[in-house]
Each structure stands twice: as C-alpha cells, then as structure tokens.
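**Student:** This is the structure I have questions about; it appears just below.
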Amino acid sequence: MNSSLIIVFSTASLLSDAVYYILCALLAVAVLLGIHLMSRVETAKRGNQLSAMAIAVGIIVTLIKKDILPVWLIYPGMLVGLTIGLILAKRVKMIQMPQLVALLNGIGGAASAIVASFALVSLYNGDEIFGKAASSLAIAVGTITLFGSLIAAGKLHKLLDQKPVVLPFHQPAALILLFILAIAVLLGGFSHILPISYVLIAMIVAAAAFGIVFSVRVGGADMPITISLLNSMSGVAAAITGFAVNDVLLVAVGGIVGASGLFLTRIMCRAMNRNLVDILLGKTSLRRGLTIEKTEEEKTDPVEPGTSNTDPLEMVRKAKNVIIVPGYGMALAHAQHLVNNFAQWLKTNGAMVKYAIHPVAGRMPGHMDVLLIEAGVPFDDVFEMEDINDEFKLADLTVVVGANDVLNPAARNATGTPIYGMPILNVDQCKYILIFNYDLKPGYSGVENPIYNRKEGVWIIQGDAAVTIAETLRNL
Amino acid sequence: MTAWILIGIFIVSTIVGYFLITHVPSRLHTPLMSGMNALSGVTILGALLATATALSSRDPIVGYILGSIAIILAMINVAGGFTVTNRMLKMFDKKKENQDEQ
Chain F
1 MNSSLIIVFS
11 TASLLSDAVY
21 YILCALLAVA
31 VLLGIHLMSR
41 VETAKRGNQL
51 SAMAIAVGII
61 VTLIKKDILP
71 VWLIYPGMLV
81 GLTIGLILAK
91 RVKMIQMPQL
101 VALLNGIGGA
111 ASAIVASFAL
121 VSLYNGDEIF
131 GKAASSLAIA
141 VGTITLFGSL
151 IAAGKLHKLL
161 DQKPVVLPFH
171 QPAALILLFI
181 LAIAVLLGGF
191 SHILPISYVL
201 IAMIVAAAAF
211 GIVFSVRVGG
221 ADMPITISLL
231 NSMSGVAAAI
241 TGFAVNDVLL
251 VAVGGIVGAS
261 GLFLTRIMCR
271 AMNRNLVDIL
281 LGKTSLRRGL
291 TIEKTEEEKT
301 DPVEPGTSNT
311 DPLEMVRKAK
321 NVIIVPGYGM
331 ALAHAQHLVN
341 NFAQWLKTNG
351 AMVKYAIHPV
361 AGRMPGHMDV
371 LLIEAGVPFD
381 DVFEMEDIND
391 EFKLADLTVV
401 VGANDVLNPA
411 ARNATGTPIY
421 GMPILNVDQC
431 KYILIFNYDL
441 KPGYSGVENP
451 IYNRKEGVWI
461 IQGDAAVTIA
471 ETLRNL
Chain Z
477 MTAWILIGIF
487 IVSTIVGYFL
497 ITHVPSRLHT
507 PLMSGMNALS
517 GVTILGALLA
527 TATALSSRDP
537 IVGYILGSIA
547 IILAMINVAG
557 GFTVTNRMLK
567 MFDKKKENQD
577 EQ
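The following block contains the structure:
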C-alpha cells in the first residue's frame with residue numbers, strides 16, 4: 001500500500017517493523033492499564049488521560065510508520081473533528097449524556113464503515129478473501145451502528161417520538177433485511193459476480209434499514225440496553241475494520257471496546273431480567289395492547305392515592321435513618337438539586353441519609369450516579385442496589401423520587417408481567433414510605449405498583465417533583 | 477501481519493479487556509462508556525491511512541472528501557469522548573476533595 005504513495009522522503013524507515021509492533025503492543029497495554037485505573041474513583045481520571053495519551057501516540061506512530069506524516073491534506077480534517085469534538089464535550093449537559101454517547105457510538109460506526117468501504121473498493125482486487133470479507137462485515141456492522149444510534153439519539157433527545165414504534169410485520173421485516181445484508185456481505189467477501197459498487201450499495205442500504213428497524217421499537221426503559229449494545233458494536237466495527245486495513249492497534253482497541261459494551265449490555269439485561277436474544281430479535285418490553293405511560297407531561301389521574309392519617313412531615317422530622325430512591329422522573333423534573341437540599345435538611349436534623357440506585361435508573365448505565373454527583377451529593381452517600389437492599393427494613397423512612405418499576409414488588413410474584421423476575425429495590429420492606437411521583441400510573445412496564453395501595457405508612461405526593469419537594473421543604 | 481495473528485490479538489484483547497472492565501464499579505459506568513466512545517475513535521488510524529492512499533490514486537477528489545469525512549468523524553469521537561469523560565471524572569474528583577476538607 002505504501003509503495004503507491006508519492007512521497008519525497010520516507011519516514012517509515014525510522015521505525016522498523018519490530019519496533020513498530022512493540023510500540024503497538026505497549027500502546028494496547030497502556031489502554032488496558034487506563035481501563036484498570038478506571039476501577040477506582042480516585043484513579044479513574046488518570047486512567048482516562050492515559051488512554052487518551054495512548055491514542056495520541058498511536059496516531060503519531062501510525063503517521064510515521066505508514067509514511068503519511070507529510071501528507072498535509074489529512075490535517076484539516078483532524079482539526080475540524082477536534083474542534084467539533086471539544087465543543088460537543090464542553091456544551092453537553094449531564095442529563096444529555098445518554099444521547100451524546102449514542103451519537104458518538106453512531107459516529108464511530110460511520111467512520112469505520114467509510115474506512116472499510118475504502119478497503120473493499122480499492123485495497124483488494126483479487127482473491128484476498130480475508131480482507132474483502134472483513135471489509136464487508138465492517139461496513140455492515142458500522143452502518144447498522146450508525147443508523148441504530150441516530151434513531152436512539154433522536155429518541156433520547158426528543159427529536160423523535162420516544163414511544164416504541166412497531167411496524168406491521170416488524171420482526172419478519174427485520175429478519176428479511178438481515179438476510180439480504182448477509183447475502184450482500186457474502187457477495188462482497190467471496191465473489192466477483194457483481195460489480196463491487198452494486199454490492200456496496202446493497203450492503204449499505206440493507207444495513208441502514210436494519211439499524212433503523214432495530215432501533216425504532218426501543219422505548220425509554222430499554223434504552224440502557226440498546227445504548228450498551230450499540231457501544232459494543234461501534235467497537236466491533238472498529239476491530240473488523242482493523243482486520244480489513246491490517247492495523248494491529250485498531251484490532252486490539254476495537255476488541256476492548258466491543259468487550260466493554262458487551263459487559264455493560266449483560267449487566268443491563270440482568271438488571272431488567274431481559275434476554276439479550278429477545279432484544280436482538282426486537283422483543284421489547286412493550287407488548288401491544290398494553291397501556292403505556294404517556295410522556296411525562298400530559299397526565300391527570302383518577303386513582304385514589306394511598307395516604308395515611310398521620311402527617312408525612314411529622315415522620316420526616318422524626319426520621320433518623322433515611323433512604324432516598326431517585327429515578328429517572330427526578331432527572332426529568334430537574335429535581336436533583338432539590339433532592340440534595342432535602343437530604344441536607346435531613347442531615348442537619350440529625351438523620352443519616354443514603355441514596356439507593358437501581359442499575360437501570362436513568363437512561364444509560366451509571367447515569368443516575370453522575371446526575372447525583374453533579375448536584376453535589378457526596379458519592380459516599382450513594383449505594384448500589386445490592387449494597388443497600390438489606391437496609392430498607394431497618395430504615396425509618398424511604399423517600400422515592402420519580403421511580404416506580406424499579407421498586408415494584410410485583411416483580412417478585414406477578415408471573416407473566418414484563419417485570420417478573422427483575423431484581424428490585426426492597427422499598428416495600430420499609431415501614432414508612434414517602435413518594436414524590438408525577439402520578440399514580442404504572443411505570444413504563446405497565447404493571448401496577450401494589451405499594452400505592454398499601455394502607456399503612458405510605459404517603460404519595462403527586463406532581464412535578466421540582467415543585468412538590470420545594471413545597472415540602474418550605475413546610476418543614 | 478497474517479490474519480491469524482490479528483485474530484489472536486483480537487481474542488486476547490477482548491478477553492483481557494472484558495476481565496478488567498468487570499472491576500469498574502457501576503457508579504463509573506457512564507464515564508466508562510464515554511471513554512469507550514473515545515477509544516472506538518481509534519478507527520482514525522484507518523481513516524488517515526485510507527485518505528493518504530486515496531490521495532495518491534488516479535481519482536483523488538472523491539476519495540479525499542470521503543476520507544476527510546471519516547477523519548473528522550473519528551476525531552470527533554476521540555476528542556469529544558476523552559474530554560467529556562475527563563469532565564465527568566473531574567466532578568467525582570472535586571466531590572472527593574470537598575469531602576476530605578469537611
């Protein structure tokens with residue numbers, strides 16, 4: 001490949017093959033070390049910086065080794081990308097992280113698909129089956145990632161309807177598209193029957209359509225799984241592109257990203273009691289005919305709220321051991337700062353306050369943690385489900401803010417409902433529960449929450465959490 | 477580099493990566509994911525190579541435009557991903573310091 005470049009002097013000779021591969025290995029190890037440092041909050045920042053440095057060095061090494069350092073026309077693109085990336089990163093709000101990550105997944109997939117298209121069209125002419133097959137596969141995976149992510153990001157950013165869209169013959173259509181895509185990939189990889197440009201177009205169209213069909217039927221609560229999966233796919237696309245262009249570093253780092261996304265996908269699936277294969281086949285937790293929660297704004301409710309005779313404020317004043325359960329509703333109401341103020345009030349009143357986070361609270365893994373930290377909640381107060389679930393029965397009071405399905409006891413015994421078997425927060429074991437929810441409608445799963453009908457020790461304050469909590473604080 | 481060696485590297489990095497990632501606490505999963513976004517921008521290596529190759533081909537214009545798009549996209553990933561991850565992790569850091577002071 002290098003021989004075709006017209007270059008005055010060669011930088012490639014500066015790096016022998018052996019040195020180059022050793023450098024690549026070191027950089028891959030640096031990336032792995034960076035991830036290892038992410039396993040502790042104290043070292044995580046350094047880990048991220050180490051990974052960033054490894055990629056920067058990787059770019060320079062590649063420029064030198066492949067003899068493209070003096071090709072000045074590549075630099076404007078780098079500069080433009082750098083500028084856009086920095087602006088995006090500075091401007092994004094923490095509540096918008098899921099759509100940013102979704103968008104970046106898609107962008108990564110797109111870049112890989114373009115590179116792989118190059119490889120397929122111009123790099124291989126003959127029987128290099130491995131390279132051609134890898135290129136074709138990378139185009140397919142990258143394009144699916146791009147279009148799937150664009151739909152997901154559009155839904156998260158409310159540019160598109162957030163409700164799952166189920167097309168007529170949705171599942172057969174998805175399978176047929178996948179089949180066409182597989183044929184196109186095989187043709188691209190192994191045969192010369194058709195001109196490569198036709199095959200390429202067929203591949204891209206089928207993959208784009210499949211990505212869209214796959215993503216449109218995903219609704220709010222399935223988003224964490226979908227984003228994790230697309231994250232994994234953007235890495236896999238990069239790795240396969242590495243096979244296509246014969247680049248070691250690309251293969252190694254792409255593989256790591258793929259593994260990470262897959263791991264997060266597994267955690268999310270377990271936390272929602274969903275099967276990955278079901279998700280891939282497009283069986284979302286939406287079942288047709290089931291009433292699904294409308295958008296968070298438009299609702300009124302006729303149900304009688306379960307209230308106790310005693311004044312909830314009295315209970316709040318007396319409580320010495322309080323657990324707060326924040327859900328996505330809190331984030332939607334922008335109430336996290338108020339929740340923090342509420343917790344501060346409790347603390348100055350002599351209470352111990354802990355936050356309990358369900359793994360799928362928010363719209364992506366770890367989202368709720370970031371939102372709470374941003375609001376100024378000390379992260380030593382924030383506990384994951386498995387660490388705090390035994391403490392609900394000992395707590396004086398549990399305060400729920402904008403959460404429903406993740407604490408719905410129906411998950412333990414209501415067989416046949418979408419949430420059956422899903423691990424939940426044991427809020428119902430607490431003697432006194434104060435709920436700040438928008439209304440009493442079932443959550444995303446459509447399953448009614450028996451806690452709402454409990455006669456004793458449950459107070460429900462309906463309305464926008466930002467308003468109701470502020471009011472409660474005033475009354476206190 | 478033969479295909480088999482590449483496949484070997486892919487398998488090893490995937491397994492080691494998976495093992496390391498299981499140790500990342502769930503409160504850091506969002507920064508982890510945005511960090512992975514940045515890493516998937518590593519495809520910029522391929523984009524640079526493809527663009528340079530296209531420039532020396534017979535029809536450089538189309539290749540250059542497409543290649544530059546790939547470079548821009550991958551660079552957005554790298555720059556945006558690492559910066560936003562750093563921004564989030566700084567938030568965690570700051571909170572830690574404040575607690576220490578208290």
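In order, the protein sequence lines correspond to chains F and Z. Just so you know, we're using our numbering here: the first sequence kicks off at 1 and counts up by one. Just so you know, we're using our numbering here: the second sequence kicks off at 477 and counts up by one. For every residue, glycine included, the Cβ atom is placed at its ideal position computed from N, Cα and C.
Give the interface partners of Ile485(Z) over in chain F, defined as CB-CB distance under 7 Å, in chain order.
**Tutor:** Within the second sequence, the letter at position 9 stands for residue 485(Z). Near Ile485(Z) (Cβ distances below 7 Å), the residues of chain F are Val248, Val251, Ala252.
**Student:** May I ask you to report which of helix, strand or coil DSSP gives Thr83(F)?
**Tutor:** Start at 1 with the first residue of the first sequence, and residue 83(F) comes out as number 83. Here Thr83(F) sits in helix by DSSP.
**Student:** The beta strand (DSSP E) spanning Pro352(F) covers which residue range?
**Tutor:** Along the first sequence, read from residue 1 onward, the residue named residue 352(F) stands at position 352. Rather than Pro, the amino acid found at residue 352(F) in this sequence is Met. Start and end: 352-357.
**Student:** Within 8 Å (strictly less), CB to CB, does Arg288(F) reach chain Z?
**Tutor:** Within the first sequence, the letter at position 288 stands for residue 288(F). Low confidence applies to Arg288(F): its pLDDT is 38, below 50, so where it sits in the model is not reliable, and the reading given next is rough at best. It does not; no Cβ of chain Z falls within 8 Å.
**Student:** Hey, how far is the Cα of Ala116(F) from the Cα of Val236(F)?
**Tutor:** Locating residue 116(F) in the first sequence gives position 116, counting from the first residue. Locating residue 236(F) in the first sequence gives position 236, counting from the first residue. Looking at the two C-alpha atoms, the distance is approximately 13 Å.
**Student:** Please confirm whether Phe210(F) and Ile144(F) have their CB atoms less than 8 Å apart.
**Tutor:** Walking along the first sequence from the start, residue 210(F) turns up at place 210. Walking along the first sequence from the start, residue 144(F) turns up at place 144. The answer is yes: Cβ separation under 8 Å.
**Student:** Closer than 8 Å is the cut-off here; do at least three beta carbon pairs connect the stretch 228-245 of chain F with the stretch 126-135 of chain F?
**Tutor:** With a cut-off of 8 Å, the stretch 126-135 of chain F and the stretch 228-245 of chain F count as touching, because enough Cβ pairs lie within range.
**Student:** For the alpha helix (DSSP H) containing Leu178(F), list its first residue and its last residue.
**Tutor:** Residue numbering aside, residue 178(F) sits at position 178 when the first sequence is read from its first letter. Note, Leu178(F): alpha helix (DSSP H), 170-190.
**Student:** Out of Met330(F), Ile388(F), Val406(F), which has the shortest C-alpha to C-alpha gap to Val360(F)?
**Tutor:** By 1-based counting over the first sequence, the position of residue 360(F) is 360. Residue Val406(F) is the option with its Cα nearest to Val360(F).
**Student:** Measure from the C-beta of Ser215(F) to each C-beta in chain Z and report whether the shortest distance is under 8 Å.
**Tutor:** As a first step, residue 215(F) is located in the first sequence; it is residue number 215 there, counting from the start. It does not: the Cβ of Ser215(F) has no partner Cβ on chain Z nearer than 8 Å.
**Student:** Mind checking if Leu264(F) is an interface residue toward chain Z, Cβ cutoff 8 Å exclusive?
**Tutor:** In the first sequence, residue 264(F) corresponds to position 264, counting from 1. Chain Z, which has a Cβ nearer than 8 Å to the Cβ of Leu264(F), makes this yes.
**Student:** What number of angstroms, rounded off, separates the C-alpha of Glu456(F) from the C-alpha of Met223(F)?
**Tutor:** Residue 456(F) sits at position 456 when you count from the first residue of the first sequence. Residue 223(F) sits at position 223 when you count from the first residue of the first sequence. Near 35 Å, if we compare the C-alpha coordinates of Met223(F) and Glu456(F).
**Student:** Just by C-beta distance, which residues in the stretch 485-499 of chain Z are closer than 7 Å to chain F?
**Tutor:** Ile485, Phe486, Ser489, Thr490, Val492, Gly493, Tyr494, Leu496, Ile497, Thr498, His499
**Student:** Quick one: residues in its chain with C-beta nearer than 8 Å to the C-beta of Gly556(Z), no 5 flanking neighbours on either side, listed in chain order?
**Tutor:** Here residue 556(Z) refers to the residue found at position 80 when the second sequence is read from its first residue. Excluding sequence neighbours, Gly556(Z) sits near Asn513, Ala514.
**Student:** Between which two residues does the beta strand (DSSP E) containing Phe383(F) stretch?
**Tutor:** Working through the first sequence from its first residue, we reach residue 383(F) at position 383. Element bounds for Phe383(F): 382-384.
**Student:** Cβ atoms of Ser516(Z) and Ser234(F): under 8 Å apart, would you say?
**Tutor:** Residue numbering aside, residue 234(F) sits at position 234 when the first sequence is read from its first letter. Residue numbering aside, residue 516(Z) sits at position 40 when the second sequence is read from its first letter. Closer than 8 Å, so yes.
**Student:** Is Val213(F) closer than 8 Å to Ala173(F) when the C-beta atoms are compared?
**Tutor:** If you number the first sequence from 1, residue 173(F) lands on position 173. If you number the first sequence from 1, residue 213(F) lands on position 213. Yes, Cβ-Cβ distance for Ala173(F) and Val213(F) is below 8 Å.
**Student:** Taking Cβ to Cβ, would you say Val382(F) is nearer than 8 Å to Tyr355(F)?
**Tutor:** Locating residue 382(F) in the first sequence gives position 382, counting from the first residue. Locating residue 355(F) in the first sequence gives position 355, counting from the first residue. Yes, Cβ-Cβ distance for Val382(F) and Tyr355(F) is below 8 Å.
**Student:** Do you know how far the Cα of Pro164(F) is from the Cα of Gly446(F)?
**Tutor:** Position 446 of the first sequence holds residue 446(F). Position 164 of the first sequence holds residue 164(F). CA-CA distance, Gly446(F) to Pro164(F), rounds to 14 Å.
**Student:** Taking only beta carbons into account, state which residues of the stretch 537-560 of chain Z come closer than 9 Å to chain F, listed in chain order.
**Tutor:** Gly539, Tyr540, Leu542, Gly543, Ser544, Ile545, Ala546, Ile547, Ile548, Leu549, Ala550, Met551, Ile552, Asn553, Val554, Ala555, Gly556, Gly557, Phe558, Thr559, Val560
**Student:** In three-state DSSP terms, what is Asn449(F)?
**Tutor:** Locating residue 449(F) in the first sequence gives position 449, where the first residue counts as 1. Residue state, collapsed to three classes: coil.
**Student:** Starting from the beta carbon of Glu391(F), find every residue of chain C whose beta carbon is closer than 7 Å, and list them in chain order.
**Tutor:** Note that chain C does not occur in the displayed structure, where the protein chains are F and Z.
**Student:** Phe436(F) lies in the beta strand (DSSP E); which residues open and close that run?
**Tutor:** Residue mapping note: residue 436(F) aligns to position 436 of the first sequence, counting from 1. Note, Phe436(F): beta strand (DSSP E), 433-437.
**Student:** Looking at the secondary structure, which residues open and close the beta strand (DSSP E) in which Thr398(F) lies?
**Tutor:** Here residue 398(F) refers to the residue found at position 398 of the first sequence. Here the beta strand (DSSP E) through Thr398(F) covers 397-401.
**Student:** Applying the 10 Å Cβ sphere with the 16-neighbour rule, what's the burial state of Asn275(F)?
**Tutor:** Position 275 of the first sequence, counted from the first residue, corresponds to residue 275(F). Exposed, by the Cβ-count rule.
**Student:** Please determine, among Ala375(F), Pro418(F), Ser16(F), the residue with the shortest C-alpha to C-alpha distance to Met564(Z).
**Tutor:** Within the second sequence, the letter at position 88 stands for residue 564(Z). Out of Ala375(F), Pro418(F), Ser16(F), Ala375(F) has the C-alpha closest to the C-alpha of Met564(Z).
**Student:** For Ala113(F), which residues of its own chain have a beta-carbon under 6 Å away from its beta-carbon, when the five flanking residues on both sides are left out?
**Tutor:** Here residue 113(F) refers to the residue found at position 113 when the first sequence is read from its first residue. Ile139, Gly142, Thr143, listed in sequence order.
**Student:** Tell me whether the beta-carbon of Ala530(Z) lies closer than 8 Å to the beta-carbon of Gly543(Z).
**Tutor:** Position 54 of the second sequence holds residue 530(Z). Position 67 of the second sequence holds residue 543(Z). Yes; because the gap between Cβ atoms is below 8 Å, this pair is in contact.
**Student:** Check whether the Cβ atoms of Ala319(F) and Gly402(F) sit closer than 8 Å, and answer yes or no.
**Tutor:** Translated into the one-based positions of the first sequence, residue 319(F) becomes position 319. Translated into the one-based positions of the first sequence, residue 402(F) becomes position 402. In this structure, Gly402(F) does not lie closer than 8 Å to Ala319(F) by Cβ.
**Student:** Work out the CA separation of Ala238(F) and Leu175(F) for me, nearest whole Å.
**Tutor:** Residue mapping note: residue 175(F) aligns to position 175 of the first sequence, counting from 1. Residue mapping note: residue 238(F) aligns to position 238 of the first sequence, counting from 1. C-alpha separation (whole angstroms): 24 Å.
**Student:** For Ala207(F), which residues of its own chain have a beta-carbon under 6 Å away from its beta-carbon, when the five flanking residues on both sides are left out?
**Tutor:** Here residue 207(F) refers to the residue found at position 207 when the first sequence is read from its first residue. Correct list, in chain order: Ala140, Thr143, Ile144, Leu181.
**Student:** List the whole-angstrom C-beta distance separating Leu249(F) from Ala28(F), where the pair is believed to meet the contact cut-off of C-beta under 8 Å.
**Tutor:** To locate residue 249(F), count along the first sequence from 1; it is residue 249. To locate residue 28(F), count along the first sequence from 1; it is residue 28. Their Cβ separation, rounded to whole angstroms, is 7 Å, which keeps Leu249(F) and Ala28(F) in contact under 8 Å.
**Student:** Would you say Arg534(Z) lies against chain F (beta-carbon separation less than 8 Å)?
**Tutor:** Here residue 534(Z) refers to the residue found at position 58 when the second sequence is read from its first residue. So no, Arg534(Z) is outside the interface.
**Student:** Can you look up Pro195(F) in the DSSP assignment and give me helix, strand or coil?
**Tutor:** Here residue 195(F) corresponds to residue number 195 of the first sequence, with the count starting at 1. The answer is coil: DSSP assigns Pro195(F) none of H, G, I, E or B.
**Student:** Short check: CB of Leu264(F) to CB of Ser149(F), under 8 Å?
**Tutor:** Start at 1 with the first residue of the first sequence, and residue 264(F) comes out as number 264. Start at 1 with the first residue of the first sequence, and residue 149(F) comes out as number 149. Cβ atoms of Leu264(F) and Ser149(F): not closer than 8 Å.
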